[in-house]
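In what follows, a single structure is set out as structure tokens and then discussed.
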Amino acid sequence: VLQIDPEVTDEEIKKRFRQLSILVHPDKNQDDADRAQKAFEAVDKAYKLLLDQEQKKRALDVIQAGKEYVEHTVKERKKQLKKEGKPTNVEEDDPELFKQAVYKQTMKLFAELEIKRKEREAKEMHERKRQREEEIEAQEKAKREREWQKNFEESRDGRVDSWRNFQANTKGKKEKKNRTFLRPPKVKMEQRE
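What follows is the structure in structure tokens.
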């Protein structure tokens with residue numbers, strides 16, 4: 001963002017930040033304040049990132065990884081050309097083109113890291129949301145359980161009284177009937193005429 005070499009000092013970083021911040025400051029660009037604000041925030045974020053030594057070390061590690069990747073690619077390409085019997089001159093032999101290739105690779109690596117960071121943040125946010133929903137569900141379940149227990153306790157006396165009344169009513173009525181399964185017909189005396 002600051003368009004500087006990775007090896008520059010903190011003073012040069014500060015100087016470049018001031019140049020760019022004056023250039024893109026929203027007060028200087030009244031006609032397109034939204035874009036100017038976004039650009040200023042990006043420059044400010046990059047400057048603060050480079051002031052933090054740990055973040056700066058991480059950025060330098062990414063740049064170094066990009067440089068190593070380009071060197072490895074150039075080496076492999078030269079090896080392939082040598083194998084085919086062609087001259088081993090590649091365009092990255094020119095220091096300026098090599099620098100551009102490193103810059104492109106570094107931008108790809110930074111973009112990949114940013115995508116991974118956003119995915120990780122989205123995953124963490126989703127996980128926090130899921131945990132919060134589980135907590136709310138557990139609270140609701142506990143609340144329903146307490147409500148049910150409360151209603152159960154309050155209605156206990158009514159249930160006990162109802163059961164006692166039922167028991168009292170059924171004790172008086174429970175007389176066993178002697179049932180006979182088959183009653184023969186009554187015997188009638190035969191009358192003669």
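Per UniProt numbering, the sequence shown starts with residue 1, numbered consecutively.
We treat Cβ as the ideally placed atom computed from N, Cα and C, and that holds for glycine.
Bear in mind that the values here come from a model prediction, so they are computed numbers and not experimental data.
Can you tell which of the options has the C-alpha that lies nearest to the C-alpha of residue i?
| i | options | result |
| --- | --- | --- |
| A59 | F152, E114 and L23 | E114 |
| A36 | V160, L20, R164 and R156 | L20 |
| Y103 | N165, D157 and E68 | E68 |
| A46 | K143, G158 and K14 | K14 |
| Q64 | K99, L182, A138 and K129 | K99 |
| E92 | T106, R77, K82 and K83 | R77 |
| L109 | F181, Q191, G66 and L182 | G66 |
| H72 | Q105, W148 and R146 | Q105 |
Should residue i go down as buried or exposed, given a rule of 16 or more other Cβ atoms within 10 Å for buried?
| i | result |
| --- | --- |
| I136 | exposed |
| A101 | buried |
| L97 | exposed |
| G85 | exposed |
| Q167 | exposed |
| T170 | exposed |
| V160 | exposed |
| V43 | buried |
| T88 | exposed |
| Q191 | exposed |
| Q139 | exposed |
When the distance is taken between beta carbons, is residue j closer than 7 Å to residue i?
| i | j | result |
| --- | --- | --- |
| V90 | V74 | yes |
| F40 | V24 | yes |
What did DSSP end up calling residue i once you bin it into helix, strand or coil?
| i | result |
| --- | --- |
| R192 | coil |
| S162 | helix |
| V187 | coil |
| K108 | helix |
| P87 | coil |
| L60 | helix |
| F98 | helix |
| F152 | helix |
| F40 | helix |
| L182 | coil |
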